[in-house]
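Per the working numbering, residue 133 is the first one in the sequence shown, and the count goes up by one each step.
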Amino acid sequence: MNKARFYEQTDEGLLCLLCPNHCRLQPGQSGRCLSRGASEDGSMQLYSYARVVAASVDPIEKKP
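Right, dumping it as structure tokens:
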């Protein structure tokens, strides 16, 4: 897993600073968004890194 950015380590655990939820996570927990979580080594990990989040089919030529 890849390390995340935009978090702080506090006395209560990790504080995620990416969105307005400001999740406080203990090791092994994941945030409300379910795409970030606290690892056992005390860092924030990304669960959604390099995963497809959306796919759509469009025609090559579109009519106006």
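Note that CB positions come from ideal geometry on N, CA and C, so glycine has one too. This one's a predicted model, so the numbers in the text were calculated from it and none came from an experiment.
Paired residues, beta bridge with residue i - DSSP
i, result
"TYR139", "CYS148"
Closest by C-alpha distance to residue i, when choosing among the options
i, options, result
"ASN134", "SER167, VAL189, SER188", "SER167"
Residue i and residue j closer than 8 Å at C-beta
i, j, result
"LEU157", "GLY169", "yes"
"ARG137", "ASN153", "no"
Cβ shell of residue i (< 6 Å), same chain only, five flanking positions each side left out
i, result
"GLY160", "none"
Distance between residue j and residue i (C-alpha atoms, nearest Å)
i, j, result
"LEU150", "TYR139", "7 Å"
"LEU146", "GLN177", "11 Å"
Same chain only: Cβ atoms within 8 Å of residue i, ignoring 5 sequence neighbours per side
i, result
"THR142", "ARG156"
Residue-level contact to chain D via CB, residue i, 8 Å cutoff
i, result
"LYS195", "The structure shown contains no chain D, having only a single protein chain."
Close beta carbons around residue i, own chain, < 7 Å, minus the five adjacent residues each side
i, result
"GLU144", "ARG156"
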